Amino acid sequence: MGTFHTVIFADLTGSTGVFEALGNQKATLAVTRLTQLMAQACESHHGDVVKTLGDGVLAVFEQVSDAIAAMVALQREHRERIAQWPPKLVMQIKVGMASGNIVRVDGDCYGEAVNLAARLCDMAAPSEIWATAQVTDAAPLASGVRVRALGPVAIRGMAEAREVCQIHWDGAENTDLLTLPAPLGGPEAPEKALSRINLTWLDVNAAFPAYQLPIHLGRLSDAEFAVNDPRVSRRHARIDWVDNNFVLTDLSSYGTWVRFAGGSGDLTLRRSACVLLEKGEISMGAPFTDFTAPTVSFSLSNGAVSLLYQRKA
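In this note's numbering, the protein residues as written are 509 to 821.
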């Protein structure tokens with residue numbers, strides 16, 4: 509049966525570039541030190557570190573509030589830590605969290621919550637905390653912490669979609685993309701059921717209903733929409749459903765460009781986001797002025813609101 513815990517996976521991103529910049533020995537020391545600091549953040553908030561994973565940590569917490577507090581503190585401390593680092597040495601942290609019954613065996617732990625936390629960590633972008641709604645609903649949030657509901661998310665390897673939230677830890681009180689979790693069946697549900705985004709790259713075509721979002725565009729074979737070009741990052745961009753809009757967020761190394769049909773100019777995204785309008789193109793890794801750039805066409809159907817804004821991702 510196991511015991512009920514909140515499970516967190518915390519991983520470093522950007523370590524490949526650090527190894528290229530520093531060499532194996534110095535980079536290994538840097539990654540090891542950051543992993544130790546991640547573990548210490550868990551332990552200082554009553555967490556039990558199950559194991560370290562090279563550049564990540566698996567930990568469990570008896571109290572949901574301790575798990576959230578630990579990950580928020582970890583991200584805030586790390587932001588201060590890397591503020592003065594050279595860009596090529598910066599490594600970010602991403603986190604996945606889930607609650608459920610786990611079983612401890614021979615220094616490891618098992619259970620659906622473990623698998624779910626690992627999947628959410630994989631899906632999160634650098635500096636993000638993704639958690640199930642079960643986690644965020646179970647504990648009050650501290651000052652400066654907000655939750656954005658991402659809705660039911662289809663997670664690879666799991667039969668049913670799960671209600672997922674993003675925990676915003678940076679203290680921002682007002683942002684266009686922050687919403688409080690809403691119950692299923694609310695006013696957004698009809699729009700979510702009908703709306704979809706259609707993507708085309710070369711001879712690859714795919715359509716994604718809003719209820720299946722978020723999805724990733726990238727070079728990885730397990731990205732929901734794969735674009736096999738060396739200029740495309742492994743997880744290049746993400747499309748979310750937020751406030752009845754399809755929102756594109758750049759997660760890449762080299763940037764993303766958006767061109768709307770009938771628009772007067774191109775929009776550049778560098779770790780920022782925009783709402784996608786009726787139809788247009790997304791250039792990944794190079795601007796539209798490079799005619800060889802990998803370009804994905806998109807079109808929306810049923811319910812996208814004509815609204816455009818940008819925000820920091």
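From the three backbone atoms N, C-alpha and C, an ideal C-beta is built for every residue, glycine too.
What you are looking at is a predicted structure, and each value in this text was computed from that prediction instead of being measured.
Which of helix, strand or coil DSSP assigns to histidine 554 = Reading the sequence shown from its first residue, position 46 is the one you call residue 554. Correct three-state label for histidine 554: coil.
Around the C-beta of phenylalanine 753, are 16 or more other C-beta atoms found within 10 angstroms, so that it is buried, or is it exposed?
-> Mapped onto the sequence shown, residue 753 falls at position 245. Here residue 753 turns out to be asparagine, not phenylalanine, going by the sequence shown. Buried.
Nearest neighbour of glycine 726, chosen from Arg742, Phe768, Pro594, Ile637 [CA to CA] | Locating residue 726 in the sequence shown gives position 218, where the first residue counts as 1. The option with the nearest alpha carbon to glycine 726 is Arg742.
Put leucine 688 into one of helix, strand or coil per three-state DSSP.
-> Here residue 688 refers to the residue found at position 180 when the sequence shown is read from its first residue. The pLDDT assigned to leucine 688 is 36, lower than 50, so where the model puts this residue is not dependable, and the model offers no usable value.
In chain order, what residues of the same chain have a beta carbon less than 7 Å from the beta carbon of glycine 510, not counting five sequence neighbours either side?
-> As a working mapping, residue 510 is identified with position 2 in the sequence shown. Same-chain partners within the cutoff: Asn609, Ile610, Val611, Gly619.
Neighbourhood of leucine 566 by C-beta, 7 Å cutoff - its chain only, sequence neighbours within 5 removed = Translated into the one-based positions of the sequence shown, residue 566 becomes position 58. Within the same chain, leucine 566 has close Cβ partners Phe517, Val558, Lys559.
In the region 743-783, which residue ranges form an unbroken alpha helix (DSSP H) of at least 4 residues, counting only runs that do not cross its ends?
-> none
Runs of beta strand (DSSP E) wholly within the region 558-631 (minimum 3 residues, chain order) | 564-569, 600-613, 616-618
Buried versus exposed, by CB contacts within 10 Å (16 or more), valine 526 | In the sequence shown, residue 526 corresponds to position 18, counting from 1. Classification of valine 526: buried, given that the 10 Å Cβ count is 16 or more.
Could you name the residues of the same chain whose beta carbon sits closer than 6 Å to that of phenylalanine 512, not counting the 5 residues immediately before and after it, in chain order?
-> If you number the sequence shown from 1, residue 512 lands on position 4. Counting only residues of its own chain and dropping the five nearest sequence neighbours on each side, phenylalanine 512 has a CB closer than 6 Å to the CB of Asn609.
Exposure of valine 627, with buried meaning 16 or more beta-carbon neighbours within 10 Å | Sequence index remark: in the sequence shown, residue 627 carries index 119 (1-based). It is worth fixing the name first, because residue 627 is arginine in this sequence and not valine. Counting Cβ neighbours within 10 Å, arginine 627 comes out buried, since at least 16 surround it.
What's the C-alpha gap between glycine 604 and glutamine 720?
-> For the purposes of this step, residue 604 is taken as residue 96 along the sequence shown, with counting starting at 1. For the purposes of this step, residue 720 is taken as residue 212 along the sequence shown, with counting starting at 1. Taking the straight line joining both Cα atoms gives about 18 Å.
How many Å lie between glutamate 787 and serine 761 at the Cα?
-> Position 279 of the sequence shown, counted from the first residue, corresponds to residue 787. Position 253 of the sequence shown, counted from the first residue, corresponds to residue 761. As written in the sequence, residue 787 is lysine, which differs from the glutamate given in the question. Their backbone Cα atoms lie some 25 Å apart in a straight line.
Buried versus exposed call for serine 703 [16 or more other C-beta atoms within 10 Å across all chains shown] = Residue numbering aside, residue 703 sits at position 195 when the sequence shown is read from its first letter. The residue in question, serine 703, is buried, as its Cβ has 16 or more Cβ neighbours within 10 Å.
Take aspartate 563 as the anchor and find which of Asp751, Val572, His553, Ala535 has the nearest alpha-carbon.
-> Along the sequence shown, read from residue 1 onward, the residue named residue 563 stands at position 55. Nearest option by C-alpha distance: Ala535.
Considering only C-alpha positions, which residue in the set Leu777, Val804, Cys673 is nearest to alanine 734?
-> Here residue 734 refers to the residue found at position 226 when the sequence shown is read from its first residue. Of the listed residues, the one whose Cα sits closest to alanine 734 is Val804.
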